[in-house]
Structure formats: structure tokens, C-alpha cells
Amino acid sequence: MWKAIERLKQGESINLQDLKTNLYCEFGKFTAHDGQSLESYYSRFYKMMNELIKNQCDLTNHQVNVQFLLQLPPEWQRFMTLVKQSQELKTVSYHKLYNILKQHQIEVNEIRAKRIARTANMLALVVQQQPVYHPQSHPTHYTLNSSTRSQQAATRNRGKDNSPRINRGAGYDNQRLGNVAGDRETV
């Protein structure tokens, strides 16, 4: 009975270790979703950090802050750099970093709007593009088939077809053709 209890305890520690490993992996892979707001990003990060703390996963304040800042959406890049330069990442909490970043929300919204407008303008240019030339409907000398080319050559050369002929002799041009059996009869 005691052995069974020991195995159960050992199993619980293995499950706890697996849980910690999964949480550390989740922390390492954490990133912002495309178009995600700062509030939503912070909320997801906050929930993940609560799980890590609840399961006694050890992370330094510096690790947490660096992960929080580096995984922000691209439009936050300039402000993330300012925060990294102005704050001591080893001592400040990511909650304070969030509050500092939140002050720049209007500027980030403008950056997003410009990016969306630029994308929309590029799409508008594509829509307004001139019709594409289709060579199938207008034959050129590249798209004509071989019989048409030889007919044109014959027409150009007063009815004579001067197109190159392929010699199928394959190196036996100077040998005379004949019936071997017939040659024996005359000998």
C-alpha cells in the first residue's frame, strides 16, 4: 500500500513537471496576434503570468519584461524601444510597462490607420491597372506553330519551300543502298 502511495506521489510530481514544462514553452512562444489591441495582448500575457506564478514557475522580472516588450505588434516597435531605454527592466513590473505604453495608444492607432490606408491604396492601383495583353488572341512569330511558319516561308520565297531539311542518313550518306540478296545473285 505504501508503495502505491509513493507511486501516486511520484506521478503527481511528474505531471507537475510536465505542466511546468508546458507553461515555460507557452511563455517562450507567446506573441501578439495580428491586429491585436494592446489591452487584449496585456490581458493574455497577464493570464499566462498568473498560471506561471500559480504553478511556482521561476522567471526573473527581466525575462518577463523582455518577453512582454519584444512580442508586441510591429506598430509598437518605436515605443517599445523608448520604454526599454527609459526603464530599468530588472526592477520595473510589466504592469507599469503596460501603463506607459498605453499612453501612446493614439499614436499607434494613427500608425495602424496609415498602414491600412497604404494597403488600400495599393489595392486600388491594382484594380485600376490597364488590361493585360494576351498573346493568344494576337499571334506573333513566337506563338505560331511550325506548319504556319513553313507556309509563310514558302510564300516569301515565291512558292518554293526553302525550309531546312533534316537528313536522316545518320552518317551513312556515301554508302549505296541496295538489296544484299540481289547483289549475291549477280556475283
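The numbers in the UniProt record's numbering rise by one with no breaks, and the one at position 42 of the sequence shown is 42. Backbone N, C-alpha and C define an ideal beta-carbon position, used for all residues, glycine too. Predicted model only: the values in this text are computed from it and were never measured.
Between which residues of its own chain and residue i is the CB-CB distance below 8 Å, once the five residues before and five after are set aside?
i, result
"residue 108", "38, 75, 76, 79"
"residue 66", "89"
How long is the line joining the alpha carbons of residue i and residue j, rounded to whole angstroms?
i, j, result
"residue 49", "residue 110", "30 Å"
"residue 118", "residue 58", "44 Å"
"residue 60", "residue 54", "15 Å"
"residue 115", "residue 18", "42 Å"
"residue 40", "residue 46", "10 Å"
"residue 112", "residue 34", "12 Å"
"residue 85", "residue 42", "20 Å"
With a CB to CB cut of under 6 Å and the five nearest residues on each side skipped, what residues in its chain are close to residue i?
i, result
"residue 73", "32"
Within a Cβ cutoff of 7 Å, which residues of the same chain sit near residue i, ignoring the five residues on either side of it in sequence?
i, result
"residue 36", "73"
Would you check if the distance between the CB atom of residue i and the CB atom of residue j is smaller than 9 Å?
i, j, result
"residue 51", "residue 70", "no"
"residue 201", "residue 100", "Outside the displayed span of the chain (1 to 187) sits residue 201, for which this structure offers no information."
"residue 20", "residue 56", "yes"
Measuring only between beta-carbons, confirm whether residue i sits less than 9 Å from chain B.
i, result
"residue 17", "This model lacks chain B altogether; it includes just one protein chain."
Are three or more beta carbon pairs between the stretch 86-97 and the stretch 15-28 nearer than 8 Å? The stretch 86-97 makes no contact with the stretch 15-28: fewer than 3 CB pairs, one atom from each, lie closer than 8 Å.
In chain order, which alpha helix (DSSP H) runs of at least 4 residues are fully inside the stretch 70-126? Taking only runs of at least 4 residues, the alpha helix (DSSP H) segments lying wholly in the stretch 70-126 are 77-86, 94-102.
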